[in-house]
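These notes concern the structure reproduced below.
Numbering (the numbering used here), first residue to last: 93 to 578.
Right under this line is the structure:
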């Protein structure tokens, strides 16, 4: 079969002859129709076999930290997929109404399928779900990597520092810039719902695909949905707004009052926008071409792309810092464990584990923004109320949790619990690498050695107050107003 997807991105998990009644695309990590290599591969199979394509997108009710916030944002995305498929290709959307209600559904759908194509995303519980599917699927099963600009298979090397990954990307990225996904993978396909699929779904009734349905589902209702609407359309709108009005101010991104961050992290986490679309929007805004790349590949943060300083700073976040987390997750299933920290960091933190702490807080006190530090409390309020936290303040947030818990392992667990429970972009390799950076990963040893932190980088709220403009931020999230939990 002629493939329009780079072979380096395709892995075959179950090798069987492609015989059946339809091609099934199991949409899990890349929940979008635009610029999606996995969907593109499924469409290739559909055209080659002259069989209808069925897009299957589902949402379990029993995943860890399942709550109104995560569920509503995910359902927004599913609704966009359903709307985008209408009149173009068959789509089966399934929102699980109660735990285990979907048991056996995927197996049944693969029974009459010729090929199933899935997403090779190293996110949250998805790798385990894919592995479980290998033992259940009754057809050929391929997965496709669309995690970044450079395929995960380009190297199995472990990158311990951002500069090393940056140098690697600068060497190999030019070879991949022409391998762009189709903006519309569904072009020229037609909507045909196979009778077998309709019959299977009749036995698996779905909850309505509306965000307000979360109130009736068996999930945690203590973490409310936010005002931020998810989905592919909202993601594309946010990208356009950022490129038009935010990118020029991106050098002020560390200033919370400047509101110069992209706001794309939740959409990237849920796969509602592709890294390629982000990259193309930024580079096209500056009329850039690959001929402007520097021949040097020394790993510098600026100067290699041949773009403005703001654009290069943003792409470093998307191409380097996002990738370093995804590559760690792709090669190591234990990437989010405390033992994944570098040996020097674990050693120095252990050496200072018994150092006296001036303040100690419980998980509940942290969750309710009940510390003595108003800058930290404001950051936690932002996280609880909006599902996001300013990137610079997220670093301080983590450093203080390390300082105010009885042991670095406890600090690690508290950070993960709060981030995974409240953050729209939690449970993601990128947020894992951010938490691990707090504890020394992807960083270096610093001096002088300090109590509690040892050689791990130190931050204080006092220095943050001196560096940052926080008047509006503290007005929005400070102690003069009660914590809004829903």
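Ideal Cβ positions, reconstructed from N, Cα and C, are used throughout, including at glycine.
If you ignore the 5 residues before and after residue 128, its C-beta comes within less than 7 Å of the C-beta of 122, 238, 273, 277 and 366, all in its own chain and listed in chain order. Comparing alpha carbon positions, the residue from 484, 470 and 462 closest to residue 352 is 484. If you ignore the 5 residues before and after residue 539, its C-beta comes within less than 8 Å of the C-beta of 547, all in its own chain and listed in chain order. Checking the DSSP bridge columns, you'll see residue 104 partnered with 234. The Cβ atoms of residue 206 and residue 177 do not sit closer than 8 Å to each other.
Close CB contacts of residue 258 within its chain, under the 6 Å cut and outside five residues either way in sequence, are with 391 and 412 (chain order). Inclusion of residue 331 and residue 356 in the CB contact set at 8 Å is warranted, their separation being smaller than that value. For residue 151, the secondary structure class from DSSP, reduced to helix, strand or coil, is strand.
Residue 517 carries a coil assignment under DSSP once its states are collapsed to helix, strand and coil. Secondary structure of residue 312 (DSSP, three-state): strand. Excluding its 5 nearest sequence neighbours in each direction, residue 487 has C-beta neighbours in its own chain below 8 Å: 526, 529, 530 and 551, listed in chain order. DSSP places residue 134 in the helix class (H, G or I) of the three-state scheme. Per DSSP, the beta bridge partners of residue 118 are 148 and 210.
Taking every protein chain shown into account, the CB of residue 193 has 16 or more other CB atoms within 10 angstroms, so this residue is buried. Pairing residue 460 with residue 162, the inter-Cα distance amounts to about 19 Å.
It is roughly 11 Å from the alpha-carbon of residue 93 to the alpha-carbon of residue 133. Non-local beta-carbon contacts of residue 155 in its own chain, meaning distances under 7 Å to residues more than five positions away in sequence, involve 217 in chain order. When the five nearest sequence neighbours on each side are left out, the beta carbons in the same chain lying within less than 6 Å of the beta carbon of residue 213 are those of 121, in order along the chain.
Annotation: residue 424 to residue 532 spans about 18 Å, alpha carbon to alpha carbon.
For residue 249, same chain residues with a beta-carbon under 8 Å away, outside a window of 5 residues either side, are 260 in chain order. For the pair residue 458 and residue 253, the CB atoms are not nearer than the 8 Å cut-off. The region 178–185 makes contact with the region 144–153; the number of CB pairs closer than 8 Å reaches 3 or more. The beta carbon of residue 100 sits closer than 6 Å to the beta carbons of 243 and 245 from its chain, once the five residues preceding and following it are set aside; these are given in chain order. For the 8 Å CB-CB criterion, residue 96 and residue 160 do not form a contact. Residue 568 sits in a helix when the DSSP states are folded into three classes.
Just so you know, the alpha carbons of residue 264 and residue 410 end up roughly 16 Å apart.
For residue 289, the enclosing alpha helix (DSSP H) starts and ends at 287–294.
Looking from the CA of residue 491, the closest CA among 126, 478, 476 and 471 belongs to 471.
Listed in chain order, the non-local C-beta contacts of residue 474 below 6 Å within the same chain comprise 481 and 569, local neighbours out to five positions each way being set aside. Residue 367 sits in a helix when the DSSP states are folded into three classes. If you look at residue 182, you'll find it in the beta strand (DSSP E) that goes 182–187. Around residue 288, the same chain offers 113 and 204 as residues with beta carbons nearer than 7 Å, after the five sequence neighbours per side are excluded. When only Cα atoms are considered, residue 417 and residue 522 end up about 5 Å apart. Per DSSP, the beta bridge partners of residue 159 are 312.
Spanning the alpha carbons of residue 333 and residue 443 requires a straight line of approximately 48 Å.
With a threshold of 16 other beta carbon atoms within 10 Å, residue 319 falls short and is exposed.
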